[in-house]
Every structure is written in C-alpha cells, then in structure tokens.
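Peer 1: My numbering puts the first residue of the sequence shown at 112, with every later residue one more than the last. My questions all concern the structure below.
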Amino acid sequence: MNPRQPIYLDHQATTPVDPRVLEAMLPYYEGDFGNASSSTHAFGWRAEAAVDDARERIAACLGLDAKEIVFTSGATESNNLAIHGVLNAKPGQARSVVTTEIEHPSVLEAAGAQRAFGHRDIVVGVRPDGLVDPDAIVAAIEEDTSLVSVSAANSEIGTLPDIEEIAQRCKERGVLFHSDAAQAVGKLPLSLGSSAIDLLSFSAHKIYGPKGIGVLVVRKRRPRIKLRPLQFGGGQEGGLRSGTLAVPLIVGCARALELAVAEQEAETKRLRDLREKLRLEIEQAVPDVVVNGDLERRLPGNLNLSFPGLDGERLLLDLQGIAVSSGSACSSGSTEPSHVLLALGRDEALARSTVRFGLGRGTTEADIETAVEAVSRAVQNQKSR
Ligand SMILES: Cc1ncc(COP(=O)(O)O)c(C=O)c1O
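Below, the structure written as structure tokens:
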C-alpha cells in the first residue's frame with residue numbers, strides 16, 4: 112500500500128481486490144469478453160463456461176448446488192430481491208416480513224418499502240449485547256408472515272446471532288428465512304447444504320473481490336421458493352435477474368470466495384489476536400471506553416468502541432492517519448447517530464462518540480500499534496480542550 116495512505120482499518124466498509132482475484136478476472140475484460148448469453152459463437156460459449164465454472168465453485172464453497180446461486184449486483188440488491196421477491200410472489204395477498212432493529216438499511220428500508228405494496232414490516236428489538244433472541248423473533252411471527260430476515264453478522268458491531276437456530280424455528284412455523292450474510296460469508300465457516308436457511312445474500316467486495324457483484328442463494332426446496340423478480344428482460348438467472356451477466360466480476364467473486372474460505376481459519380485466529388491487542392491497549396490508555404456488542408459471538412476483525420464525553424466526528428478528524436468509520440458507515444453521508452447503537456440502548460451522545468475499527472487481510476501488528484498511539488493522542492487532545 113502507498114506509504115502516504117492512511118492505515119486502512121475499515122474492512123467492514125469494503126476491502127481491496129486481492130491481486131490473485133484481479134489476475135483471474137483480467138482475461139474476461141480482454142480476449143474472453145463475450146456475452147454469456149451469445150449461443151452462436153465461441154466468444155459466448157467461453158463466457159458461459161466461465162460463468163458455469165464460477166457458479167459451481169461458489170456453490171462448492173458453501174455446500175450448495177450450482178442451481179442455487181443467483182448473481183446480482185451486490186448484497187443490497189440480493190436483500191431487496193429476497194424481501195420484495197417473497198412478499199410479492201403471490202400478487203393480491205397482503206403479507207408481513209419480520210426483521211430486527213439492527214439490520215443494514217438495505218434490509219430495513221426494503222422491508223419498510225413493502226408498505227407501499229400493502230404489506231407490513233415487523234421490526235423486533237435486540238438484546239443490549241447486540242444479539243438477537245430467537246424467542247423474540249418467533250413471538251413476532253404472525254398469521255400473514257411469509258419471511259423472517261436476520262443478518263448473520265452485524266456490519267457495525269460484528270455480532271453473530273444464532274441464525275441456524277432462528278432458521279430452524281422459522282421452518283417449524285412454516286415461514287421462509289433469509290439472512291444478509293454480507294459480513295459473514297468468507298469470514299465464518301458456513302455450510303449451507305443441511306441448513307434451514309432458505310435465502311442468503313452476500314457481496315464480493317467485502318471479501319477482497321470486485322465491487323458490483325453479489326449473490327442471492329435461493330435454496331431448491333419442495334415446495335419451490337417463489338420470488339417475484341425486481342427487473343424483467345432477457346430472463347437471465349432463471350428469470351430472477353434479467354440483464355447481461357458481468358462475467359469478469361462473477362469470475363472474481365468465485366476466486367475471492369475460494370481464497371477467503373481457504374484462508375478463513377488461519378485468518379480468524381490472526382485477526383482475533385490483533386483485535387484483542389487493539390482492544391486491550393485502548394482500554395489501558397482510555398479506561399472509560401465502552402465496547403459495543405458481545406465480544407465472544409463477534410466477527411474476528413471488528414471492534415466498535417464508544418468514547419464517553421467525546422465527539423466521534425471530531426475524533427475521526429483527529430485520527431487522520433488511520434482510516435476508520437463512525438458507527439453508521441454503511442449508509443453514505445449519514446450524520447445521524449447509528450440506529451444499531453440506539454437499538455442496543457446507547458444514548459445519542461454515546462452513540463455519536465463511536466468509532467468502528469475493521470481489521471482485515473492487510474492489517475499488521477505494527478498497524479495496531481500505530482492505531483493505539485493515534486487513538487490515545489486523539490482522546491487526550493479532545494479531553495484537554
Ligand atoms: C450487512 C451488510 N449488508 C448489506 C451491505 C450492502 O452491500 P453492497 O455494498 O454489496 O450492496 C453491506 C455493506 O455495505 C453490509 O455490511
């Protein structure tokens with residue numbers, strides 16, 4: 112990385128493309144640039160073969176069948192397709208979706224937007240440690256509920272609810288279960304073959320793949336999971352997502368996932384150790400710091416801290432040398448206090464004093480030491496003002 116660049120500790124926002132991923136993608140921008148739907152010549156056949164191969168490899172990484180992989184533009188689109196798709200599968204029937212207060216805006220807003228179609232969104236609170244109580248989800252299911260959506264890993268505080276248990280309980284109630292796994296795929300061991308999860312979203316750019324490509328997993332079940340598409344056209348992706356397939360991005364998505372899965376175990380340990388070093392050393396320098404979210408059931412590279420009495424925006428400005436974010440980084444330009452921290456019961460002032468550290472593949476011990484020094488200095492600066 113360019114030595115004049117700040118140290119990048121915002122891997123929950125996005126990640127750099129791994130050079131091994133870029134290398135796999137490049138041929139599909141150059142010689143093999145064909146349209147995967149062109150069935151009359153070799154350019155099309157080669158593009159189609161690359162997509163088929165990527166689909167197989169992604170499915171293999173997740174313990175799925177290739178037919179269960181639907182390519183989209185990213186997790187936002189996948190979440191929208193899952194929620195809109197299930198609720199509007201049978202036109203004329205008013206349905207509801209159950210979700211939680213700490214979901215990403217692409218779930219909460221997609222659920223809220225269903226009101227315009229005559230549906231309802233039921234938003235369940237979470238525990239103060241950021242975990243989701245499966246009983247609370249089941250209690251919220253009503254007669255007209257057709258879908259429950261709970262993320263596998265929270266994008267701000269990194270907490271990991273027991274989605275398998277929630278999925279199982281939804282299955283018992285005859286309700287479909289969707290999980291936004293944008294922060295979880297490639298970072299947690301996920302084997303979906305025997306899972307009760309029906310629909311799952313993820314995005315390549317969170318796992319060192321390219322931006323603009325994601326997946327909605329739609330399990331092959333009996334009876335079939337019916338989805339109404341968001342867009343119509345050439346009928347690609349089994350009619351669920353029309354539009355020319357982004358072959359280089361699809362190839363990159365497959366390579367990124369393979370690498371993330373292969374390196375996941377070692378990387379989890381390395382990141383957890385670095386995260387704990389960061390936490391313990393900041394806690395030593397700033398004793399009143401507050402950790403948001405459970406520390407055990409948590410993404411290895413995530414640390415979300417509130418600094419009582421301090422202004423988070425000011426803190427971020429003082430932390431020029433390290434690229435971190437305030438709590439609500441995923442919703443662009445937002446200056447509102449994080450809806451996730453408010454849902455945990457934090458007050459507005461504490462929520463506004465929050466910094467999210469996202470450690471990733473490039474993070475070193477030296478980066479952590481620099482970050483600890485920078486945070487200590489920035490906190491001292493503000494306290495002495
Ligand atoms: C949990 C979660 N869901 C969805 C998204 C949106 O993903 P994408 O940028 O691929 O649309 C993000 C990241 O921004 C996220 O962290």
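C-beta atoms are modelled at their ideal positions from N, C-alpha and C, and glycine is treated no differently.
Kindly examine ligand 1 and report whether one of its heavy atoms sits closer than 8 Å to the Cβ of Asp291.
Peer 2: Taking the sequence shown and counting its residues from 1, one reaches residue 291 at position 180. Because some heavy atom of ligand 1 lies under 8 Å away, the Cβ of Asp291 counts as near it: yes.
Peer 1: Using 8 Å as the cut-off, classify the Cβ of Thr355 as near or not near the heavy atoms of ligand 1, replying yes or no.
Peer 2: Your numbering for residue 355 matches position 244 in the sequence shown. False, no ligand heavy atom lies under 8 Å from that Cβ.
Peer 1: Within 10 Å of its beta-carbon, does Glu134 have 16 or more other beta-carbons around it, so buried, or fewer, so exposed?
Peer 2: Residue 134 sits at position 23 when you count from the first residue of the sequence shown. Glu134 comes out exposed.
Peer 1: Could you check whether the Cβ of Thr187 sits closer than 8 Å to any heavy atom belonging to ligand 1?
Peer 2: Locating residue 187 in the sequence shown gives position 76, where the first residue counts as 1. Yes, the beta carbon of Thr187 sits closer than 8 Å to at least one heavy atom of ligand 1.
Peer 1: By the DSSP assignment, the beta strand (DSSP E) with Asp501 in it spans what residues?
Peer 2: Only positions 112 to 496 of the chain appear in the structure, and residue 501 is not among them; the question remains open.
Peer 1: May I ask you to verify whether the region 126-145 touches the region 307-319, counting CB pairs closer than 8 Å and requiring at least 3?
Peer 2: The answer is yes - the region 307-319 touches the region 126-145, with three or more Cβ pairs under 8 Å.
Peer 1: Starting from Val234, trace the alpha helix (DSSP H) in both directions and tell me its first and last residue.
Peer 2: On the sequence shown, residue 234 is found 123 positions in, with the first residue counted as 1. Taken as a continuous stretch (DSSP letters only), Val234 belongs to no alpha helix (DSSP H), being part of the beta strand (DSSP E) at 231-235.
Peer 1: Within the continuous beta strand (DSSP E) that includes Asp291, where are the two ends?
Peer 2: Counting from one through the sequence shown, the residue named residue 291 turns up at place 180. Segment 287-291, the beta strand (DSSP E) holding Asp291.
Peer 1: Look up Leu341 in the DSSP assignment and say whether it is helix, strand or coil.
Peer 2: Counting from 1 along the sequence shown, the entry for residue 341 is found at position 230. It is coil, neither helix nor strand.
Peer 1: Does Lys492 pass the burial test, meaning 16 or more other C-beta atoms within 10 Å, or should it be called exposed?
Peer 2: For the purposes of this step, residue 492 is taken as residue 381 along the sequence shown, with counting starting at 1. According to the sequence provided, residue 492 is Asn. The question's Lys does not apply to it. The residue is exposed, with fewer than 16 neighbouring Cβ atoms inside 10 Å.
Peer 1: Looking at the secondary structure, which residues open and close the beta strand (DSSP E) in which Asn415 lies?
Peer 2: Residue numbering aside, residue 415 sits at position 304 when the sequence shown is read from its first letter. Element bounds for Asn415: 413-417.
Peer 1: In terms of residues, what are the limits of the beta strand (DSSP E) holding Thr270?
Peer 2: Looking up residue 270 in the sequence shown gives position 159. No beta strand (DSSP E) holds Thr270; DSSP gives it neither H nor E.
Peer 1: Within its chain, find whatever has a CB closer than 6 Å to the CB of Ile433; leave out the 5 residues flanking it on each side and keep chain order.
Peer 2: On the sequence shown, position 322 is the one that residue 433 refers to. So the list reads Pro117, Ile118, Leu120, Ala482, Ala485, once near-sequence residues are dropped.
Peer 1: Could you name the residues of the same chain whose beta carbon sits closer than 7 Å to that of Gly145, not counting the 5 residues immediately before and after it, in chain order?
Peer 2: Reading the sequence shown from its first residue, position 34 is the one you call residue 145. If we look at Gly145 and ignore the five residues flanking it on each side, its Cβ neighbours are Phe154, Gly155, Arg157, Ala158.
Peer 1: Going by DSSP in three states, Arg467 sits in which element: helix, strand or coil?
Peer 2: For the purposes of this step, residue 467 is identified with residue 356 of the sequence shown, where counting begins at 1. Of the three classes helix, strand and coil, the one that applies to Arg467 here is strand, per DSSP.
Peer 1: Indicate the three-state DSSP secondary structure (helix, strand or coil) for Ile180 in the structure shown.
Peer 2: On the sequence shown, residue 180 is found 69 positions in, with the first residue counted as 1. It is a strand residue.
Peer 1: Would you check whether ligand 1 has a heavy atom nearer than 8 Å to the C-beta of Leu305?
Peer 2: Translated into the one-based positions of the sequence shown, residue 305 becomes position 194. Per the sequence shown, residue 305 should be read as Ser rather than Leu. It does not: the Cβ of Ser305 is nowhere closer than 8 Å to a heavy atom of ligand 1.
Peer 1: Measuring only the C-alpha atoms, how far is Pro448 from Glu424?
Peer 2: As a first step, residue 448 is located in the sequence shown; it is residue number 337 there, counting from the start. As a first step, residue 424 is located in the sequence shown; it is residue number 313 there, counting from the start. Spanning the two alpha carbons is a distance of roughly 11 Å.
Peer 1: Comparing alpha-carbon positions, which option in Ile180, Arg390, Ala489, Leu470 lies nearest Gln431?
Peer 2: Indexing the sequence shown from 1 puts residue 431 at position 320. Per the Cα distances, Ala489.
Peer 1: Is the Cβ-Cβ distance between Val358 and Ala161 less than 9 Å?
Peer 2: Locating residue 358 in the sequence shown gives position 247, where the first residue counts as 1. Locating residue 161 in the sequence shown gives position 50, where the first residue counts as 1. Contact flag set, yes.
Peer 1: Provide the residue span of the alpha helix (DSSP H) that contains Leu192, from first to last.
Peer 2: Here residue 192 is taken as the residue at index 81 of the sequence shown, counted from 1. Looking at the DSSP string, the run of the alpha helix (DSSP H) that includes Leu192 is 186-198.
Peer 1: Under the DSSP definition of a beta bridge, which residues are partnered with Leu389?
Peer 2: Locating residue 389 in the sequence shown gives position 278, counting from the first residue. Partner(s): none; Leu389 has no beta bridge.
Peer 1: Among Val218, Asp163, Gly473, which residue has its Cα nearest to the Cα of Phe313?
Peer 2: Position 202 of the sequence shown, counted from the start, is the residue given in the question as residue 313. Closest by alpha carbon: Val218.
Peer 1: When you compare the region 283-295 with the region 255-265, are there three or more beta-carbon pairs, one atom per stretch, that lie closer than 8 Å?
Peer 2: Touching, yes, given that three or more Cβ pairs across the two stretches are closer than 8 Å.
Peer 1: Specify, as a first and last residue, the run of the beta strand (DSSP E) that Leu310 falls within.
Peer 2: Walking along the sequence shown from the start, residue 310 turns up at place 199. Its beta strand (DSSP E) spans residues 310-314.
Peer 1: Please tell me whether Val296 and Leu310 are closer than 9 Å, where the distance is taken between their beta carbons.
Peer 2: On the sequence shown, position 185 is the one that residue 296 refers to. On the sequence shown, position 199 is the one that residue 310 refers to. No, they are not a contact pair.
Peer 1: With DSSP as the reference, label Tyr119 as helix, strand or coil.
Peer 2: Start at 1 with the first residue of the sequence shown, and residue 119 comes out as number 8. Strand at Tyr119.
Peer 1: Please name the residue in Ser302, Ser437, Leu406 whose C-alpha comes closest to that of Ser417.
Peer 2: Your numbering for residue 417 matches position 306 in the sequence shown. With distances taken between Cα atoms, Ser417 lies closest to Ser437.
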